[in-house]
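In my numbering, the protein residues as written are 460 to 783. Backbone N, C-alpha and C fix where the C-beta goes; we use that ideal spot for every residue, glycine too. All values derive from a computational prediction rather than experimental measurement. Below is one structure, written out as structure tokens; the observations come after it.
What follows is the structure, given as structure tokens:
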């Protein structure tokens with residue numbers, strides 16, 4: 460299990476208390492862990508060391524350095540034009556999920572491979588399983604509809620001995636399904652997690668990327684805005700957008716109600732919540748939680764639901780975590 464390294468100065472208190480990325484990036488330390496990062500680090504307008512966050516190669520190298528420095532990941536890479544996620548925010552989701560399980564366990568977060576987690580849409584980057592396994596020792600299954608993403612994630616796992624026994628990657632062979640075809644009859648998951656595609660079209664994804672570039676003060680080339688930030692179609696948008704996707708997730712989760720303790724999904728848009736919560740009420744979910752997270756000026760949230768009542772949740776805990 461990964462050990463927390465010395466904190467960098469100037470804490471970002473809005474991130475989760477256990478998030479290793481609460482401090483500003485200490486580029487000299489990161490370069491010491493990953494010398495290749497040095498080529499991308501320059502003083503910014505405030506004379507602080509930084510990178511060009513609109514340069515996908517620089518962002519990818521920063522991710523490599525963070526994963527190597529904090530999680531002892533010696534190899535990490537993604538194919539060109541695939542989503543390169545911001546690691547601090549991804550880590551926050553994992554730590555809040557740990558708190559969710561802790562609430563079921565008298566405040567003690569269950570650790571080790573007795574805790575089984577399903578990541579829907581693991582992506583080529585495999586970030587959530589890496590952070591979750593190295594932080595808490597949990598065992599992960601990551602699924603994806605894209606064969607190239609599955610191949611990339613599997614390669615990352617195989618290239619790092621400290622991941623091989625903790626992460627399994629599965630191809631979702633029917634792209635219209637979410638859980639069906641991935642969850643096997645013998646599977647029991649303590650958690651599912653998902654960062655769903657939240658745009659309804661390529662035009663909507665382009666508009667968001669354009670806005671990001673303008674905030675960074677960068678010139679906008681409308682033919683390349685999505686490419687600049689990375690991401691394939693299935694990573695960024697889907698028919699019906701986030702609302703349709705997460706509501707389908709709820710409908711499918713009813714078929715696996717006794718095979719999972721907590722189903723969860725990130726919800727990027729506040730406008731998605733009313734329909735999602737209505738769908739959950741109609742689904743027979745016993746308990747529904749909306750948990751807010753903050754990263755800088757951005758507020759995000761995830762929704763968690765279970766079909767197990769308090770007695771069933773206690774029985775689940777006793778059967779699975781007593782040896783954790």
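- Residue 654 and residue 725 do touch by the CB rule: their CB atoms are close to 5 Å apart, below 8 Å.
- In the DSSP assignment, the residues bridged to residue 630 are 603.
- Inter-residue distance for residue 487 and residue 646 is about 44 Å (C-alpha atoms, whole angstroms).
- Shown here for residue 496: same chain residues with a beta carbon closer than 7 Å to its own, the five before and five after excluded, namely 489, 490, 520, 521 and 524 in chain order.
- With distances taken between CA atoms, residue 620 lies nearest to 593 out of 753, 593, 758 and 541.
- Relative to the Cα of residue 538, the nearest Cα in the group 773, 582 and 732 belongs to 582.
- Between residue 535 and residue 589, the C-beta gap is smaller than 9 Å, which places the two residues in contact.
- Counting only residues of its own chain and dropping the five nearest sequence neighbours on each side, residue 547 has a CB closer than 7 Å to the CB of 474, 478, 480 and 754.
- A direct Cα-to-Cα measurement between residue 507 and residue 757 gives close to 23 Å.
- Look at the region 543-628 and you find these whole runs of alpha helix (DSSP H), each 4 residues long or longer: 546-562, 586-595 and 606-618.
- In the three-state reduction of the DSSP assignment, residue 759 falls in the strand class.
- Counting every other CB atom within 10 Å of its CB across the protein chains shown gives residue 712 a total of 16 or more, marking it as buried.
- For residue 709, the enclosing alpha helix (DSSP H) covers residues 700-712.
- The beta-bridge partner set that DSSP reports for residue 748 consists of 763.
- Taking residue 634 as reference, the option from 738, 771 and 708 with the minimal CA-CA separation is 708.
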